[in-house]
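Under the numbering used here, read the sequence shown as residues 362 to 555, first letter to last. All C-beta atoms, glycine included, are put in the ideal place defined by N, C-alpha and C.
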Amino acid sequence: MSGLILLLVFSFLIQSCGTQKNGTVKIEKSQDISIPVKLLIHKTNKDSLYSTLFIPIEFDIINTLSPRIKLSRGYLSLRGGNVNSSSIVLLIRNKLDLGFMDIKFNKDEKKHFKAYTSYKLTLSNQEKDEILKDAKFAQYMFTSKKEVYDIGMLKNMPSSLLEKVPDSLKGFIRMHFYDLAGQKNFAKNLPVKF
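Structure below.
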């Protein structure tokens with residue numbers, strides 16, 4: 362009888378280890394973007410405007426690795442002169458938020474993320490007027506009371522605005538996870554290019 366119990370326990374351990382080994386955390390980038398480009402106005406000078414352009418990205422994270430994992434941190438790693446390195450901002454309840462903060466996933470759970478990368482821009486007053494003429498006020502940014510506007514979908518952005526973002530910007534969003542069941546830290550990269 363004890364031999365049968367040992368055999369059952371051994372079989373269970375082999376099966377559990379095999380399942381853990383085959384599981385993973387999948388990150389899938391969405392091809393269709395459903396959220397608008399945003400413009401944050403920092404400061405208006407006599408003939409120019411200092412601003413930040415928020416370019417959208419959407420992706421899914423699927424936990425097939427463990428009964429419970431936690432996404433504890435995410436940051437942007439891109440190369441380029443005007444990129445705010447390490448900046449990745451989430452859209453939560455239609456507002457820009459600071460970023461990833463201890464988001465938990467159960468086994469086989471999928472979560473959809475709407476996020477933004479940010480780029481510093483200087484615009485002339487004429488460019489600002491053109492961009493904001495059909496824009497919608499979205500929010501005040503955090504506690505700074507700086508205005509954020511929805512300026513349209515990425516596919517409809519004027520080429521003059523997109524030319525201000527270097528076409529060589531590419532890298533990845535790096536996400537740090539913690540496997541609550543296995544008690545280990547691990548990381549995953551989502552390649553991105555703008």
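In the three-state scheme derived from DSSP, where H, G and I count as helix and E and B as strand, Ser391 is classed as coil. Burial check for Ser479: the Cβ neighbour count within 10 Å reaches 16 or more, so the residue is buried. The continuous alpha helix (DSSP H) containing Lys489 extends over residues 486-493. The segment 397-414 makes contact with the segment 508-528, as at least three CB pairs between them are under 8 Å. Fewer than three beta-carbon pairs drawn from the segment 493-508 and the segment 538-547 are found closer than 8 Å, and the two stretches are therefore not classed as touching. Taking 7 Å as the cut-off, the Cβ atoms of Thr385 and Leu426 count as close. Pairing Ala476 with Leu432, the inter-Cα distance amounts to about 15 Å. DSSP places Leu515 in the helix class (H, G or I) of the three-state scheme. Here Pro519 has Glu491, Ile492 as same chain residues with Cβ atoms under 8 Å from its own Cβ, once five neighbours each way along the sequence are excluded. Taking the Cα of Asp469 as reference, the smallest distance to any Cα among Met462, Leu437, Ile422, Lys489 is reached at Ile422. Spanning the alpha carbons of Val526 and Leu439 requires a straight line of approximately 12 Å.
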